[in-house]
Amino acid sequence: MAFNIQDFITKQVASAVTGVEVPSQAKNTVLNGLSDSIFGSLTQTATKPGGIDVIKGLLTGASPAATSPVTALASNLFTKNILSSLNLGGGTGSALTGLIPGIMGKLGGILKDQDGDGDVDFNDILITLGVGGKKAGGSSAAGSILGSAAKGILGSILGKK
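Shown next as C-alpha cells:
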C-alpha cells in the first residue's frame, strides 16, 4: 500500500491529542481541524515562491519543525479556523496549538526518493503528498482533482509540466 501523508497526519494528530482533555462534543472537530490545518499549511506553502524548498527541508528533516513557517501557518490556520469557534478556554486551546510543532516534527524524514531517480525532487514531493507524480516504472500517483490542481499550480511555479 502506498504512503498517504493525510493518513499519516491523521494518525499523528489522534495520538498527540490523547494527552489533552478535550470535551467529547468537540473531539472530532479538533481532530479534523488539526489534520486539515497541518495538511492545508503544506499545500498553501507549496504554492508560494520558495515553498517547495521549505517543504522539502521540513519533510526530509533538514529544517527543524519548531521554526518552520509551515508549522507557524498550521498553528495560525488551526487558531483562526477551529479554536476561534470552539470556546475551549485558553489552557486547552494553547495545549492543542502546542501539539502542532511535535506533529510537524514527525513529518521530518518522510520525504525520500520515491520515483527511483536517485534524488529528492519535485516529483517525490508530489508522490509523498499524494497529489501526483510518476513512480518508478511510469505509474502515475495522481488520481484526484486536488492532485491535478496541485500539480498544475506547483508545475507552473516550478516551470514543470
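Position 115 of the sequence shown, counting from 1, maps to 120 under the numbering used here, and the rest follow consecutively.
For glycine and all other residues, C-beta sits at the position ideal for the given N, C-alpha and C.
Quick caveat: nothing in here was measured; it's all calculated off a predicted structure.
Item	Value
Residue interval of the alpha helix (DSSP H) (run including residue 17)	10–22
Residues near residue 114 by beta carbon distance below 6 angstroms, same chain, minus five either side	66
Secondary structure of residue 32, DSSP reduced to three states	helix
Distance cut-off 6 angstroms: residue 43 Cβ against heavy atoms of the ligand SAM	With respect to the ligand SAM, the structure offers nothing, as it holds no ligand at all.
Host alpha helix (DSSP H) of residue 54 (start-end)	Premise fails: residue 54 is in no alpha helix (DSSP H) and is neither H nor E.
Test item: CB-CB of residue 79 and residue 40 under 7 angstroms	no
Any 3 or more C-beta pairs closer than 8 angstroms across the segment 76–91 and the segment 51–62	no
Touching by the beta-carbon criterion (3+ pairs, under 8 angstroms), the segment 84–98 and the segment 7–23	no
Residue 67 (DSSP reduced to helix, strand or coil)	coil
For residue 18 and residue 27, believed in contact at Cβ under 8 angstroms, the rounded distance	That pair is no contact at about 12 angstroms.
Those runs of the alpha helix (DSSP H) which lie wholly inside the segment 59–130 and span at least 4 residues	74–83 and 95–110
Under 7 angstroms between C-beta atoms of residue 56 and residue 50	yes
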